[in-house]
Amino acid sequence: MTFLPLQPPDLPPIRARGTPRCRGCGLPQAMCLCGALPRLSVRTRVVLLTHRIERTRSTNTGRLVARLLEGAEVRVRGEIAPRPRPPLPEGRRLVLFPSPEARGLTPDDASGEPVVLLVPDGNWNQARHAVHRDADARGAEPVTLPEGAPSRYGLRRAPHEGALSTLEAVARALGLLEGAAIERRMMEAFDVWVHRATRVRLTGKLEEGPAVLGEDESAGARGGTAPDG
Numbered sequence: 001m002t003f004l005p006l007q008p009p010d011l012p013p014i015r016a017r018g019t020p021r022c023r024g025c026g027l028p029q030a031m032c033l034c035g036a037l038p039r040l041s042v043r044t045r046v047v048l049l050t051h052r053i054e055r056t057r058s059t060n061t062g063r064l065v066a067r068l069l070e071g072a073e074v075r076v077r078g079e080i081a082p083r084p085r086p087p088l089p090e091g092r093r094l095v096l097f098p099s100p101e102a103r104g105l106t107p108d109d110a111s112g113e114p115v116v117l118l119v120p121d122g123n124w125n126q127a128r129h130a131v132h133r134d135a136d137a138r139g140a141e142p143v144t145l146p147e148g149a150p151s152r153y154g155l156r157r158a159p160h161e162g163a164l165s166t167l168e169a170v171a172r173a174l175g176l177l178e179g180a181a182i183e184r185r186m187m188e189a190f191d192v193w194v195h196r197a198t199r200v201r202l203t204g205k206l207e208e209g210p211a212v213l214g215e216d217e218s219a220g221a222r223g224g225t226a227p228d229g
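In terms of UniProt numbering, the sequence shown opens at residue 1 and continues consecutively.
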């Protein structure tokens with residue numbers, strides 16, 4: 001497992017057919033959002049347990065979490081020759097995954113010592129394996145999210161009803177732990193990102209993105225995406 005800095009060039013190239021992609025946000029370079037993304041200060045330390053295959057997928061939302069949140073870490077799983085991992089931040093370790101033994105996450109979890117929120121980042125099987133096999137997740141308390149609004153992600157087929165993308169899950173968790181404003185700002189960025197990615201997939205057209213996240217584009221994103229399954 002490897003710690004990744006939040007900035008390129010250490011991030012790997014994104015797999016995409018013929019279109020150069022930004023290594024930071026995964027969008028085509030002409031539509032890159034990185035310069036418009038805010039950096040959000042949070043008390044919760046978010047640690048993504050990312051499967052190595054996810055690092056190169058353009059539809060991965062974990063990289064957006066790392067771009068948005070100060071102090072977020074990406075730890076890569078499944079490497080053929082894993083390098084030594086750095087120690088986790090100090091704090092109460094919670095692992096976010098809807099396992100049978102998980103209890104509901106609540107705002108009360110933010111009281112006391114800082115929370116280290118471990119978030120598996122991958123497909124359903126990869127995430128499940130991370131919870132049960134990853135050394136950082138071992139001994140962490142499993143928590144799950146309360147029921148909420150359906151996913152606004154439509155780029156990958158959901159494994160089951162109620163499933164969320166990594167960013168949506170982190171945003172909803174931080175809404176409980178940090179307040180609604182953090183969740184709202186993460187979802188605004190997410191909506192624009194999904195809108196642009198969907199537009200490229202459906203039309204193949206590349207357009208220059210605005211210098212800041214525009215309200216018109218965010219509104220269009222919210223109205224134009226839905227889960228595939």
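The beta-carbon is built from N, C-alpha and C at its ideal position, and this holds for glycine as well.
| Item | Value |
| --- | --- |
| Minimum C-alpha distance to Asp136 - residue among Phe190, Ser58, Pro84, Ile80 | Pro84 |
| Whole-angstrom distance between Ser58 and Thr19, CA atom to CA atom | 11 Å |
| Selected residue, minimal CA-CA separation from Leu94, among Leu118, Glu188, Leu49, Gly112 | Leu118 |
| Residue ranges of each beta strand (DSSP E) within the segment 70-152, 3 or longer | 73-77, 92-96, 115-121, 141-144 |
| Asp134 versus Leu33: straight-line alpha-carbon distance, rounded | 32 Å |
| Minimum C-alpha distance to Thr50 - residue among Ser41, Pro100, Arg77, Arg67 | Arg77 |
| Straight-line gap, Arg199 to Trp193 (C-alpha atoms, nearest Å) | 10 Å |
| Local conformation of Thr50 per DSSP, three classes | strand |
| Cβ contact (3+ pairs, closer than 8 Å) linking the segment 94-108 and the segment 171-187 | yes |
| Proximity of Pro114 and Gly148 at Cβ, strictly below 8 Å | no |
| Under the three-state DSSP convention, the category Arg45 falls into | strand |
| Selected residue, minimal CA-CA separation from Arg196, among Arg152, Glu141, Ile14, Pro28 | Pro28 |
| Collapsed DSSP secondary structure at Arg222 in the structure displayed | Because Arg222 sits at a pLDDT of 47, beneath the cut-off of 50, its placement in the model cannot be relied upon, and the following sentence gives the value as read from the coordinates. Residue state, collapsed to three classes: helix. |
| Spatial neighbours of Glu183 in its chain, beta-carbon cut-off 7 Å, leaving aside the 5 residues before and after | Ala171, Arg172, Leu174, Gly175 |
| DSSP state of Arg196 mapped onto helix, strand, coil | helix |
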